[in-house]
Amino acid sequence: MKKPLSNKINWFKGVLLGVPSLWLAVFLFLPLMLILKMSFAEAILAQPPFTALLNWGEGLLPELNISFFSYALLIEDNYYIGALLQSLTLATIATSCTLLIALPMVLAMIKMPNKWQNIFLILVILPFWTSFLIRVYSWKILLRNDGFINQILLYFGLINDPLPMLYSQFAVLIGIVYSYLPFMILPLFAGLKKLDYALVEAAEDLGAKPLTIFFRVILPLIYPSIIAGIILVFIPATGEFVIPDLLGGSDSLLIGKLIWIEFFNNRDWPTASAIALILLILFALPLLILNKFTRKSQKWQDLV
Amino acid sequence: MKTYSAIKTTLICLAISVSANGAMASENKLNIYNWSDYIAPDTIANFDALTGIETTYDVFDSNEVLEGKLLGGQTGYDLVVPTASFMEMQIQAGVFMPLDKSKLKNYANLDPEIMQLLAKHDPGNKYAIPYLWGTTGIAYNIDKIKQRMPDAPLDSWDMIFKPEVIAKFADCGVAIIDAPSENFEIAQNYLGLDPHSGAEADMDAAIDLWKSIRPYVRYFHSSQQVDDLATGEICLAIGWSGDMFQALNDAADAGNGVKIDYYIPKEGSTIWFDVFGIPNDAKNIDAAHKFLDYTMDAKIAAANSNEIWYANAIPSSMPMILDEIKNNVSVYPTEKIKANLFIDKPGDAATARARNKAWARLKAGS
Chain A
1003 MKKPLSNKIN WFKGVLLGVP SLWLAVFLFL PLMLILKMSF AEAILAQPPF TALLNWGEGL
1063 LPELNISFFS YALLIEDNYY IGALLQSLTL ATIATSCTLL IALPMVLAMI KMPNKWQNIF
1123 LILVILPFWT SFLIRVYSWK ILLRNDGFIN QILLYFGLIN DPLPMLYSQF AVLIGIVYSY
1183 LPFMILPLFA GLKKLDYALV EAAEDLGAKP LTIFFRVILP LIYPSIIAGI ILVFIPATGE
1243 FVIPDLLGGS DSLLIGKLIW IEFFNNRDWP TASAIALILL ILFALPLLIL NKFTRKSQKW
1303 QDLV
Chain B
3 MKTYSAIKTT LICLAISVSA NGAMASENKL NIYNWSDYIA PDTIANFDAL TGIETTYDVF
63 DSNEVLEGKL LGGQTGYDLV VPTASFMEMQ IQAGVFMPLD KSKLKNYANL DPEIMQLLAK
123 HDPGNKYAIP YLWGTTGIAY NIDKIKQRMP DAPLDSWDMI FKPEVIAKFA DCGVAIIDAP
183 SENFEIAQNY LGLDPHSGAE ADMDAAIDLW KSIRPYVRYF HSSQQVDDLA TGEICLAIGW
243 SGDMFQALND AADAGNGVKI DYYIPKEGST IWFDVFGIPN DAKNIDAAHK FLDYTMDAKI
303 AAANSNEIWY ANAIPSSMPM ILDEIKNNVS VYPTEKIKAN LFIDKPGDAA TARARNKAWA
363 RLKAGS
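From first to last, the protein sequence lines stand for chains A and B. Using our numbering, the letters of the first sequence map in sequence onto residues 1003 to 1306. Using our numbering, the letters of the second sequence map in sequence onto residues 3 to 368.
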């Protein structure tokens, strides 16, 4: 009787592990390998527009055809590195803003009765019911010279001429913070919800001031959620293409746009692939480090 | 074991998609991929009724989107409509199949002058049938320009390239089309240089000209100016003629008091052609030729021009074209303006890369 049961469990385990592995293999690993392969090709005018990695000639073994042209191009001057730094700066500012806005919102939500918490959670998710594109587009209507915000400011006499807000870094920042705020709120909320409130009460009983409680009790406990939120906002914000294209001016050259230029204007799929791959590596490394940190803090939590 | 099943699944998926493709290739079907808002509303229906062909009509809104698909291959389309400067590279990449002119009895209807210009993109006129054509020029908000500069040079590139002139309009918003090759050509032509030269000195001169007026430009974009001109967000723009007419009409429809006009600068500008081509993997080749022949019919060409305000390449359609279109020198330029128009030549890969890089830097102001 014992054996079939464990067999059943093993079979179940296999499915449980096999499905996501298959998914990752087909939709993550395979495309990634294609991009890797493409990044070592050279752009040509053909269909597809890059050289083949393997040349099946006369011999038994194919000739390997590897070019480092794309990678050499990336470090040739400060064109690509400058754009990367600009993107990272923008993403850092945007992520900090989302965190600063999300934290007080979530702290307030946690203090509410359960019924209200649910209503507010729905309100946070509600914008996802309309297309992302339409939501970014509506910011154009709000920010333009004859837009809602300028009209209100003019009406109350706070300004004499409309403030040019659209097509600026400021507009891009608003767009990113607005679009990614839910991705910061949700992990923070989940983290705070799990927090044992008795610890906060204990700190209060021992005479800690609210700020001390926040920094020495709450923050160390919800640290993993904050990191999860930062990852969810920072990574897409760095490569963001749509928001700067719709709301941004021409004064910024971001890495997402550079990939677009390589792909569409230069017809250079290999260089576009190389940039995408380097971005991925740049993100994967800190992610692995952060992951280690979170694990450590979790272990520490378990010890407590 | 895992790898094996992964391969198997992939093969099954492939098999399904291949058979689905096969099923689509039945006779009497036609898949067209054209620009959005770029045909009279009844053209497709009339064609289907006449020939019994069942046409699927999809739209795109940028050459880049179309090219991305074409270079990838297997688009499933039988007719696509790139701009000729893009098609030039796509022909070299082997994307298109040569036309069978014996199936095109209306081929003689095409304007020989346009076919000659088009041959600079498509040598020997082997692959492309011109659909509609236009120019790149300047659109402006009449009231806002007159108010800031009553004697504005509204027939010349001086509006853009003279810093002391464009500076007057910086406050009401200037937008420049985000098309590197055209912007180099326009600037080089304005400076009296060969517009298509890829020589470093010529390109540097063009960039210096753009740099001198960069501070007065609000943004560089290829489609935003349509909306922004119509709502009054900007007052001066370089754009493609058809887009600018759309802004003009949108403003008139909105009744917001914004009045837009468009002109082709006298120093000369680019002329472009949107052309039909048959991708080399098209399945319904006969039907595609039938549709091409249909669009070259004078009556059909006139109907399309009347609907969307673009010039066509069929001279015999002129008598049927509305007066306000055929007498509009911004749609059908005078011979004098026409003589100064030049085509947009994308140049070789190195030139294109150098232009795109210099242009990206100029935009970012570095």
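Think of the CB as a built atom: it goes at the ideal place given N, C-alpha and C, for glycine as much as any other residue.
Item	Value
What does A/N1162 touch in chain B if you count any residue whose Cβ is under 9 Å from its own?	Simply none; closest approach about 13 Å.
Of all the alpha helix (DSSP H) runs that stay within the bounds of the region 29–98 of chain B, which reach a length of 4 or more residues?	45–53, 65–74 and 86–94
Skipping 5 residues on each side, what residues in its chain have a beta carbon closer than 8 Å to that of A/G1084?	L1255
Between B/I346 and B/L156, what straight-line distance do the alpha-carbon atoms span, to the nearest angstrom?	The sequence shown places Asp at residue 346 of chain B, not Ile. Each residue's alpha carbon lies about 23 Å from the other.
Just how far apart, CA to CA, sit B/F88 and B/M322?	31 Å
Using a Cβ cut-off of 9 Å, pull out every chain B residue sitting near A/S1133, in sequence order please.	Under the 9 Å cutoff, chain B gives no residues; its nearest Cβ is about 16 Å from A/S1133.
Are the C-beta of B/S7 and some C-beta of chain A separated by less than 8 Å?	Unreliable positioning characterises B/S7 in this predicted model, as indicated by a pLDDT of 43, which lies under 50. The coordinate reading is nonetheless provided below. Chain A, which has a Cβ nearer than 8 Å to the Cβ of B/S7, makes this yes.
In terms of alpha-carbon separation, which member of A/A1276, A/P1238 and A/L1282 lies closest to A/T1097?	A/P1238
When you compare each of B/G244, B/Y35 and B/I273 to B/I339 by their alpha carbons, which one comes out closest?	B/I273
Closest to A/I1037 by C-alpha separation, out of A/N1162, A/F1052, A/I1046 and A/L1024, would be which residue?	A/F1052
Would you please state the rounded distance, in angstroms, between the beta carbons of B/E269 and B/N185? I believe it to be under 8 Å.	That pair is no contact at about 14 Å.
If you follow the beta strand (DSSP E) that A/I1161 is in, where does it begin and where does it stop?	Counting along the chain, A/I1161 falls outside any beta strand (DSSP E), and DSSP gives it neither H nor E.
Hey, does B/Q227 have any beta-carbon neighbour from chain A nearer than 8 Å?	no
With distances taken between CB atoms, is the gap from B/I178 to B/V228 smaller than 8 Å?	no
Counting contacts by CB-CB distance shorter than 8 Å, is B/G234 in contact with chain A?	yes
Among A/F1130, A/S1275 and A/A1204, whose alpha-carbon lies nearest the alpha-carbon of A/L1183?	A/F1130
Let me see if you follow: with CB-CB separation under 8 Å, is A/G1251 close to chain B or not?	yes
How close, in whole Å, do the beta carbons of B/A154 and B/M161 come, if the pair is a contact with beta carbons under 8 Å?	6 Å
From A/V1017 to A/I1233, what does the alpha carbon distance come to, in whole angstroms?	30 Å
Less than 8 Å separating the beta-carbons of B/R363 and B/S183?	no
Mind checking whether A/L1056 and A/N1067 have CB atoms under 8 Å apart?	yes
Taking only three categories from DSSP, how would you classify B/V260?	coil
To the nearest angstrom, how far is the alpha carbon of A/K1010 from that of A/V1021?	17 Å
Considering only the alpha carbon of each residue, which of A/L1194, A/F1134 and A/T1214 lies closest to A/G1177?	A/F1134
For B/L119, which residues in the same chain have their Cβ closer than 8 Å to its Cβ, ignoring the five residues on either side in sequence?	I273, F275 and I345
Return the chain-ordered list of same chain residues with a C-beta closer than 7 Å to the C-beta of B/D102, the five sequence neighbours on each side being excluded.	H291
Have a look at the DSSP bridge pairing and note the partners of B/A300.	Looking at the DSSP assignment, B/A300 forms no beta bridge with any residue, so it has no partner.
Counting contacts by CB-CB distance shorter than 8 Å, is B/Q190 in contact with chain A?	no
Indicate the three-state DSSP secondary structure (helix, strand or coil) for B/D276 in the structure shown.	strand
Taking 8 Å as the cut-off, does the region 106–117 of chain B touch the region 125–132 of chain B (at least 3 CB pairs, one atom from each stretch)?	yes
Specify the secondary structure class of B/W159 as computed by DSSP and reduced to three states.	coil
Are B/F247 and B/W159 touching if we call contact CB-CB under 8 Å?	no
Between B/A27 and chain A, is the shortest Cβ-Cβ distance under 8 Å, so that the two count as touching?	Per-residue confidence for B/A27 stands at a pLDDT of 47, beneath the threshold of 50, marking its modelled position as unreliable; no derived number is given.
Rounded to whole angstroms, what's the CA-CA distance from B/P84 to B/V67? Just pull it up for me.	10 Å
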